[in-house]
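If you're matching positions, the sequence shown starts at 15 in the numbering used here and goes up one per residue.
Heads up, the beta-carbon is just placed ideally off N, CA and C, and yes, glycines get one too.
A short write-up of the structure that comes next.
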Amino acid sequence: MTPESHSAQVYSTRVLTSDLEIARCKETWERLQRHPNADFHFFELINRLRAQVDGPCVLELMAGEKTISIWTARLEKIGLPLRLGYLRLGCLHLKGLVVTTGGILGDDSEQACRILLKCASQVMMENHLDVIVLSHLRCDHTLFELAASTFPPWYCRDWGVVPSIHWRMSLPSSFDLILQQRRKKHRYWLKRLPKVLEDDFPGQVRIRQFKDLVEVGEFCRDADIVARSTYQRQLGEAFRADAEHTERCKLFAEKGAFRGYILYITNEPRAYWMATINQQTLYLNSTGYSPDMKKYELGTVLLMRLFADHCGTTIDKVDFGLGGAAYKERFGDESFYEATVRIYKASPRAVLANILAGTNERASSGIRTLLSKLGLLQRIKTFWRAKLSN
């Protein structure tokens with residue numbers, strides 16, 4: 015425990031690395047958490063299942079005897095990919111302290127963030143780590159400013175921070191209101207999609223919702239069948255019926271927070287959505303569809319069903335997840351920018367990794383911007399996605 019005094023208030027930090035220590039702050043953790051990725055039991059699950067996790071390393075800030083902030087973090091072996099679009103050029107292998115997405119719990123004032131960043135830096139030095147990773151911080155968050163441009167020396171700051179947009183949508187009381195909020199052309203298109211599908215496959219189209227624990231195995235099996243043919247699977251990012259995804263679905267199903275959807279044609283799974291409910295928000299986690307059914311836009315058909323099923327319930331927001339996409343922009347009515355920020359150790363190895371990773375990210379971002387201005391970006395994405403799906 016490290017004490018610090020600020021304005022007559024005594025603060026102290028603790029680094030929790032054992033299951034017993036972490037369990038003692040469970041009640042406070044669950045009271046403060048706001049994002050499903052920071053769920054206490056999900057955090058434990060990932061610690062147990064991921065081979066690259068060396069162990070938990072939770073940072074706790076206390077004011078006197080009261081816990082006011084928790085950073086949910088792990089010690090991990092990190093593979094930092096070097097890419098040009100979908101083309102993988104190599105990978106940097108580092109060891110780091112990784113603060114999870116949504117893992118800044120409780121007091122996130124500048125003072126609290128400074129104290130815990132100092133604590134994280136001490137953990138990095140004591141454990142001979144290369145980097146601190148702050149996953150998917152909002153760019154308007156105090157910690158983003160501290161980590162990206164203020165706190166570390168300039169040569170330890172992340173040179174490759176490229177923000178991406180994150181979309182959310184207010185969910186109205188009825189699905190009809192969603193349609194009414196669209197432009198006439200868009201509304202016509204949304205109504206037409208399921209009709210075209212039914213006309214071409216009369217009586218053969220079925221959409222099923224999965225949410226109970228006993229249904230998880232069937233959802234995972236059928237979602238995996240769809241995901242195998244997607245370009246996301248070739249990039250290592252799609253859903254798969256492995257231990258981690260299956261146990262994750264079971265965990266949230268036990269909490270009543272799991273939502274899975276499969277669209278079947280002639281009893282064959284052709285598209286899926288997976289989502290998680292947390293505090294009146296529906297978080298969209300993963301999706302995919304059979305590439306040979308692209309013209310039917312099965313993902314959109316399923317998404318409309320997902321919206322319809324949750325309008326008029328306690329859910330009042332839909333979170334579209336990481337990154338931008340045309341459908342997110344069409345439906346989203348709220349957005350913000352976010353980025354993963356890394357703080358590198360002041361060592362030749364870590365600084366070199368920063369240079370390589372930062373140069374790669376900036377070059378990739380510059381090329382994407384240029385292709386977008388030339389009107390070529392979407393064409394190239396479509397070409398690569400089709401190539402990866404074959």
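Taking one beta carbon from each stretch, the segment 90-106 and the segment 26-35 have fewer than 3 pairs nearer than 8 Å; the two do not touch. Counting along the chain, Asp256 sits inside no alpha helix (DSSP H), nor does DSSP assign it H or E at all. Gly110 has its alpha-carbon roughly 10 Å from the corresponding atom of Val137. By the criterion of a C-beta distance shorter than 7 Å, Glu261 is surrounded in its chain by Leu59, Leu63, once the five residues flanking it on both sides are discounted.
In the DSSP assignment, Tyr341 falls outside any beta strand (DSSP E) and lies within the alpha helix (DSSP H) extending over 340-345. Considered as a whole, the segment 68-142 harbours 124-140 as its complete alpha helix (DSSP H) runs of no fewer than 4 residues, in chain order. Taking 8 Å as the cut-off, the Cβ atoms of Cys234 and Ala360 do not count as close.
Partner residues in the beta bridge of Trp181, as assigned by DSSP, are Ser349.
Cβ atoms of Leu204 and Arg196 come within 8 Å of each other, at about 7 Å. Here His55 is exposed: its Cβ has fewer than 16 other Cβ atoms, across all protein chains shown, within 10 Å. For Glu268, DSSP assigns no beta-bridge partner whatsoever.
In the structure shown, His200 falls within a helical segment according to DSSP collapsed to helix, strand and coil. Using a Cβ distance threshold of 8 Å, Val67 and Ala87 do not count as a contacting pair.
Taking a 10 Å sphere around the C-beta of Ala267, we find 16 or more other C-beta atoms and assign the residue as buried. In the displayed model, Val332 falls within a strand according to three-state DSSP. Comparing alpha carbon positions, the residue from Met288, Leu277, Ala241, Leu227 closest to Glu212 is Leu277. Nearest to Glu352 by C-alpha distance, out of Asn299, Glu159, Gln293, Ala134, is Glu159. With respect to the C-alpha of Leu46, the residue from Ser386, Ile369, Ile82 having the closest C-alpha is Ile82. A check of alpha carbon separations from Ser178 across Ala367, Phe345, Leu390, Phe334 identifies Phe334 as the nearest.
By DSSP's assignment, Arg171 forms a beta bridge with Ile357. Note that the segment 183-190 does not touch the segment 376-393; fewer than 3 beta-carbon pairs, one per stretch, sit closer than 8 Å. A buried status is given to Asp172, since no fewer than 16 other beta-carbon atoms sit within 10 Å of its beta-carbon. Per DSSP, reduced to three states, the secondary structure at Asn292 is strand.
According to DSSP, residue pairing for Val147 in a beta bridge involves Val112, Arg356. Pro283 counts as buried, since at least 16 other C-beta atoms from the protein chains shown sit within 10 angstroms of its C-beta. Boundaries of the beta strand (DSSP E) harbouring Arg220: 219-224, taken from the DSSP string. By the neighbour-count criterion, in which 16 or more other beta carbons inside 10 Å mark a residue as buried, Gly326 falls on the exposed side. In the structure shown, Thr327 falls within a coil segment according to DSSP collapsed to helix, strand and coil. With a cut-off of 8 Å on Cβ pairs, the segment 138-146 is in contact with the segment 355-374, counting three or more such pairs. The closest CA to that of Pro50, considering only Leu296, Ala322, Ala339, is found on Leu296. With the rule of 3 Cβ pairs closer than 8 Å, the segment 286-301 counts as touching the segment 246-260. The alpha carbon of Phe272 has as its nearest neighbour, out of Gln248, Gly231, Ile279, Lys309, the alpha carbon of Gly231. DSSP, reduced to helix, strand and coil, places Pro283 within a strand of the structure shown. Shown here for Glu90: same chain residues with a beta carbon closer than 7 Å to its own, the five before and five after excluded, namely Gln66, Val67, Asp68, Gly110, Val112 in chain order.
A Cβ-Cβ separation of about 3 Å places Gly174 in contact with Glu375 under the 8 Å criterion. In chain order, Ser26 place their CB closer than 6 Å to the CB of Met76, counting only its own chain and leaving out the 5 sequence neighbours on each side.
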